[in-house]
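> Chains as they are written, first to last, in my numbering: chain V, 38 to 423; chain D, 168 to 625.
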Amino acid sequence: MSGHADVIVVGGGIMGSAATFFLRRRGRSVILLERGLVGQQASGTNFGNVRRQGRFLPQLPLANRSRAIWGRLNELLGEDAEFLATGHIRICYRREDIGALESHARSVEEYGLKLELLSQNMLRDRFPFIGPEAVAGSLSPNDGHANPRLAAPAFAYAARRQGAQVRENVEVLNIEKSGEDFRVETASGEAFRAPAVLVTAGAWAARLSAMFGEPVPLVAHGPQMAVTEPVVYAIRPVVGVYSQVTEEGVYLRQVSRGNIVYGGGNRGPALIDARRAYVKPQNTLRQFRQISRAVPALGALRIIRVWSGIEGYLPDMIPIMGPSAKAPGLFYAFGFCGHGFQLGPGVGDAMAELIDTGATVTPIEPFHIKRFAAAPAVGAQAAARP
Amino acid sequence: MAEPHVIVVGAGPAGVRAAETLVAAGLRPMVIDEDACGGGQIYRRQPANFARPAEAIYASEAGKASAVHATLDRLAGRIDYLSNTLAWNIDDRLLYVVNGMAAAELPFDALIVAAGATDRVMPVPGWTLPGVFTLGAAQIALKSQACAIGREVAFLGTGPLLYLVAHQYATAGGNVAAVLDTSAKADRVAALPMLAARPALLARGLSYLRDLRRRGVPVLDGVVPAAIAGSQEAGVQCLTVRHRGRAVAIACDAVAMGHHLRPETQLADLARCDFRFDPPTRQWLPVVDRDCRTSVKRIYLAGDGVRIAGADAAEIQGRLAACAALQDLGRAAPDIGAAALRLRLARMDWFRRGLARAFPWPWRLAASLPDNAVVCRCERITAGELRAAVRANGAPEVNRAKAFSRVGMGRCQGRYCGHAAAEIVADAAGAPIESVGRLRGQAPVKPLPIAAKGAGLP
């Protein structure tokens with residue numbers, strides 16, 4: 038089988054699924070090719086944070102665009118991805134970190150994001166479950182969380198209902214320019230053609246960008262996730278720890294059915310060829326200490342499961358997004374460095390706009406792939422989490 | 168040269184024989200036992216203040232049980248025995264264990280996992296009512312605490328354990344309301360040539376059946392379970408099945424159910440051992456060679472944790488696994504007469520396949536399970552919810568069905584519901600069972616306290 042469409046999307050994570058959905062809404066014919074099942078890798082295994090505070094500032098317009106879509110996701114898709122605007126609170130353990138929370142709150146205000154700074158006493162009053170080591174907090178009242186197992190498939194299947202061809206278990210082997218079109222070849226011997234191709238292949242995308250002379254230093258890591266047995270619903274906001282110490286940077290949320298999902302700290306190994314990522318037992322034990330510092334009551338619970346997934350990271354900890362610098366008609370959105378879930382709907386919407394109209398109202402220039410054009414593929418320094 | 172460090176997980180017949188063989192080779196293995204005092208499930212020991220003679224607990228197997236116990240006791244001081252300890256994860260050559268809140272990271276050069284088995288369960292409407300137990304749990308109550316699970320106990324399911332536990336209850340003075348077997352007489356007739364590989368065992372099984380009948384216990388085969396009736400407050404009140412086209416209602420206040428056994432393979436999964444689909448039993452099993460080596464170097468699997476071949480086979484496999492480990496570590500292995508043991512094991516494996524044929528997993532029942540029947544107890548997921556997840560978005564694989572429906576996501580991680588869930592997914596997708604895969608095992612093997620910590624650990 039083969040096919041022709043206005044756009045071929047390669048990779049059915051939340052970026053590709055959302056882009057497919059929004060391209061369909063713009064009346065474009067789309068073929069989405071997913072090697073496994075949609076939303077199965079990083080998009081389906083992440084923490085489920087719908088968080089704007091703490092982001093790289095130039096990313097906030099995109100995060101805001103995405104947050105607006107999260108708010109009407111059910112109506113758009115006709116499916117519930119369990120988004121809850123519960124608020125997101127960042128806490129810190131050190132007096133010297135309070136300044137960073139304060140200056141971040143000031144900086145994001147010009148992007149329309151209003152944060153509430155909370156003293157230790159205010160924290161204690163409003164969120165009594167937070168541990169005594171927390172010296173201050175920053176609340177983003179309109180952020181929250183959603184179910185990552187449901188969100189990307191909801192976009193993909195909604196796109197399918199609106200006429201997109203969503204093809205699962207179809208692995209793309211090669212993309213090349215052939216006349217006006219791109220020719221996309223699959224492992225099963227199919228060939229698809231389209232004048233535009235969007236690469237949203239996550240941790241696997243570097244191989245495809247390299248085909249067009251745009252190699253990028255993308256590496257894979259696995260988030261270290263765990264979930265507790267269900268208990269009474271008591272923790273409404275997402276809680277994250279702000280710290281320069283990697284181990285301390287854990288985050289947690291409680292789902293309304295009672296389980297507490299958490300992650301953070303050190304990352305684990307991710308094998309992109311085997312398509313498996315693992316939780317290191319040492320990390321599980323490290324997280325125990327840190328998660329109990331953030332919310333001491335968790336020390337009385339047991340975890341019932343851990344999991345990981347395969348996330349693509351770039352050395353400067355921001356994604357690649359926008360048009361190719363080499364091949365007109367080719368677009369990228371990948372390498373979201375472990376913070377792509379919240380952005381997913383906005384990225385899909387912005388990329389659809391960019392492909393459809395040639396421009397997007399949301400600034401995405403900082404994420405252009407050309408920033409790696411001169412840089413060596415290895416040895417780049419990893420920047421601290423923004 | 169430093170002594171190689173070998174860890175044995177499990178202190179049932181396989182684990183104890185493995186440890187004994189390692190000690191005979193001059194090693195000091197570590198034995199990890201989830202239980203308090205060894206013996207495993209089959210030869211579970213009664214608490215210290217109980218004084219029943221071995222014959223009262225293990226009947227015809229008392230000699231073997233006592234021998235395994237005596238060996239474990241004799242090994243004291245020559246092994247490091249960690250009781251009440253859960254092995255919850257493996258990372259390369261490190262085993263992670265927890266005892267209460269005390270966690271430890273144990274390096275090993277070889278790991279022999281003899282994790283045993285649990286009941287294989289096909290749900291029936293009402294199986295989550297108070298008073299419904301697995302056959303294994305019903306037997307533990309009797310073996311360990313000399314308790315019955317109810318005053319009038321109905322036994323439902325299939326497999327040798329169905330008749331054994333019912334017989335044990337009857338012998339111990341319990342009231343057996345009925346024994347209801349989902350397998351048909353024709354299954355057992357067809358299996359006879361294979362079961363004849365162990366004539367003594369076959370004769371013993373038949374004697375249980377005769378004895379139950381002599382006591383006037385209704386024993387029906389070829390039944391189709393309909394429902395367990397009762398309420399959360401009153402518990403079980405009645406079990407109904409269909410037998411030869413008519414409904415049969417059994418008044419009872421407890422039900423013991425199970426459909427033969429399934430190996431506890433989580434550690435093998437976490438060690439990343441290869442699994443293969445086993446068509447006769449319709450499940451995925453770890454791949455092992457004839458000496459219990461897995462696909463992962465220095466990881467060995469023995470006993471019912473690999474194949475349900477019973478306690479005698481487990482003792483042999485424990486010895487073979489230990490010898491294989493010694494050999495792979497470059498150590499001289501004691502002469503255990505491996506060639507003869509392998510021959511005996513082959514005969515036992517023939518019998519194992521006979522049991523699977525005689526008491527088949529009643530997979531067809533999954534398709535007829537009503538939509539409102541609970542499949543996953545931990546997450547309370549019904550057959551209907553699981554079918555909807557498969558049909559709505561095309562989840563042709565169990566991990567996908569898990570992601571959409573939460574089936575198998577709870578405390579037991581699908582150890583109890585996984586096989587039935589796979590059958591429901593296959594049926595709803597119209598796909599062969601082997602194509603829907605198996606639930607990926609994740610740590611911890613069982614729930615792990617967040618308060619766990621240990622010296623030298625993060």
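Heads up, the beta-carbon is just placed ideally off N, CA and C, and yes, glycines get one too. Owing to the predicted nature of the structure, the values given are computational and were not obtained by experimental measurement.
Are the C-beta atoms of residue 582/D and some chain V residue less than 7 Å apart?
Judged by the 7 Å Cβ criterion, residue 582/D is not in contact with chain V.
> Keeping to the same chain, check which residues put their C-beta closer than 7 Å to that of residue 372/D; ignore five residues upstream and five downstream.
The residues are 327, 330.
> Per DSSP, what kind of secondary structure is residue 172/D in: helix, strand or coil?
Coil at residue 172/D, not helix or strand.
> Alpha helix (DSSP H) containing residue 327/V: first to last residue?
Unbroken alpha helix (DSSP H) run through residue 327/V: 318-331.
> Going by alpha carbons, who is nearest to residue 69/V out of 365/V, 335/V, 234/V?
Of the candidates 365/V, 335/V, 234/V, the one whose C-alpha sits nearest the C-alpha of residue 69/V is 234/V.
> By alpha-carbon positions, which one of 619/D, 582/D, 599/D, 611/D ends up nearest to residue 289/D?
It is 582/D whose Cα lies nearest to the Cα of residue 289/D.
> Please specify which runs of the beta strand (DSSP E), each continuous and at least 3 residues long, are wholly inside the segment 393-470 of chain D, giving them in chain order.
Fully enclosed beta strand (DSSP E) runs of 3 or longer: 402-410, 413-418, 421-426, 428-430, 442-445, 450-453, 466-468.
> Considering only residues of the same chain and omitting the five flanking positions on each side of residue 609/D, which have a CB-CB separation below 7 Å?
The residues are 580.
> At the 7 Å Cβ level, is residue 259/D part of the contact set with chain V, yes or no?
Not an interface residue.
> If you draw a straight line from the alpha carbon of residue 454/D to that of residue 463/D, how long is it in whole angstroms?
When rounded, the distance between both Cα atoms is 10 Å.
> I'd like to know if residue 249/D contacts chain V, where contact means its C-beta is closer than 7 Å to some C-beta of that chain.
Not closer than 7 Å to any Cβ of chain V, the Cβ of residue 249/D fails to qualify, so no.
> Going residue by residue through the segment 192-262 of chain D, where are the continuous alpha helix (DSSP H) segments of at least 4 residues, counting only ones entirely within it?
The qualifying runs are 221-225, 229-241.
> Take the Cβ of residue 400/D as the centre, count every other Cβ of all protein chains shown within 10 Å, and call the residue buried at 16 or more, exposed below.
With fewer than 16 Cβ atoms within 10 Å of its Cβ, residue 400/D is classed as exposed.
> Excluding the 5 residues preceding and the 5 following residue 336/D in the sequence, name in chain order all residues of the same chain whose CB lies nearer than 7 Å to its CB.
Counting only Cβ-Cβ distances below 7 Å, and skipping sequence neighbours, we find 309, 315, 320, 343.
> Which residues, taken in chain order from the segment 331-365 of chain V, show a beta carbon closer than 8 Å to some beta carbon of chain D?
Against chain D - using a Cβ distance shorter than 8 Å - the residues of the segment 331-365 of chain V are 335, 336, 337, 338, 339, 340, 341, 342, 343, 344.
> For residue 618/D, collect the residues of the same chain with a Cβ closer than 7 Å to its Cβ; drop the 5 residues on either side in sequence, then sort them by chain order.
So the list reads 268, once near-sequence residues are dropped.
> Hey, which unbroken runs of the beta strand (DSSP E) at 3 residues or more fall wholly within the segment 124-184 of chain V?
Taking only runs of at least 3 residues, the beta strand (DSSP E) segments lying wholly in the segment 124-184 of chain V are 125-129, 153-156, 173-177.
> Name the two residues that bound the continuous beta strand (DSSP E) containing residue 342/D.
Note, residue 342/D: beta strand (DSSP E), 342-348.
> Check whether the Cβ atoms of residue 220/V and residue 150/V sit closer than 7 Å, and answer yes or no.
The answer is no: Cβ separation not under 7 Å.
> Round the Cβ separation of residue 414/D and residue 394/D to the nearest angstrom and send it over; I've been treating them as touching at under 8 Å.
In fact, because the Cβ distance is near 10 Å, the residues do not count as touching under 8 Å.
> Between the Cα of residue 266/V and the Cα atoms of 319/V, 194/V, 335/V, 382/V, which residue gives the shortest distance?
Residue 335/V is the option with its Cα nearest to residue 266/V.
> Buried or exposed: residue 397/V, going by 16 or more other Cβ atoms within 10 Å of its Cβ?
Label assigned to residue 397/V: buried.
> Would residue 243/V pass as a contact of residue 50/V if the rule is Cβ separation under 7 Å?
Cβ atoms of residue 243/V and residue 50/V: not closer than 7 Å.
> Below 8 Å on C-beta distance, what does residue 81/V contact in chain D?
Those within 8 Å of residue 81/V in chain D are 570.
> Going along the chain, which residues of the segment 114-136 of chain V sit with their C-beta nearer than 7 Å to a C-beta in chain D?
Listed by position along the chain: nothing, the set is empty.
> Would you kindly work out how many angstroms separate the C-alpha atoms of residue 217/D and residue 545/D, rounded to a whole number?
Computed Cα separation, rounded: 33 Å.
> Of all the options 500/D, 532/D, 256/D, which has the alpha carbon lying nearest to the alpha carbon of residue 390/D?
For residue 390/D, the nearest C-alpha among the options comes from 532/D.
> Compute the Euclidean distance between the alpha carbons of residue 329/V and residue 168/V, then round it to the nearest angstrom.
Taking the straight line from one Cα to the other gives about 8 Å.
> Which residue comes first and which comes last in the alpha helix (DSSP H) that contains residue 117/D?
This structure cannot settle anything about residue 117/D, because the visible part of chain D is limited to 168 through 625.
> Any beta carbon of chain V sitting closer than 7 Å to that of residue 617/D?
By this cut-off, residue 617/D is an interface position.
> Excluding the five sequence neighbours on either side, which residues of its own chain have a C-beta within less than 6 Å of the C-beta of residue 432/D, listed in chain order?
For residue 432/D, where only same-chain residues beyond five positions count, the Cβ hits under 6 Å are 453.
> Here's a check: name, in chain order, each residue in its chain whose Cβ is nearer than 7 Å to the Cβ of residue 142/V, leaving out the five neighbours to either side.
The residues are 152, 154, 175.
> Which of the residues in the segment 315-332 of chain V, read from start to end, lie with their CB under 9 Å from any CB of chain D?
If the cut-off is 9 Å between Cβ atoms, the segment 315-332 of chain V has 315, 316, 317, 318, 319, 320, 321, 322, 323, 324, 325, 326, 328, 329 near chain D.
> Can you tell me where the beta strand (DSSP E) holding residue 215/V begins and where it ends?
Its beta strand (DSSP E) spans residues 209-215.
> Among 84/V, 225/V, 241/V, 280/V, whose alpha-carbon lies nearest the alpha-carbon of residue 130/V?
It is 280/V.
> Just the chain V side, please: which residues come within less than 7 Å of residue 567/D by C-beta, in chain order?
Within 7 Å Cβ-Cβ: 74.
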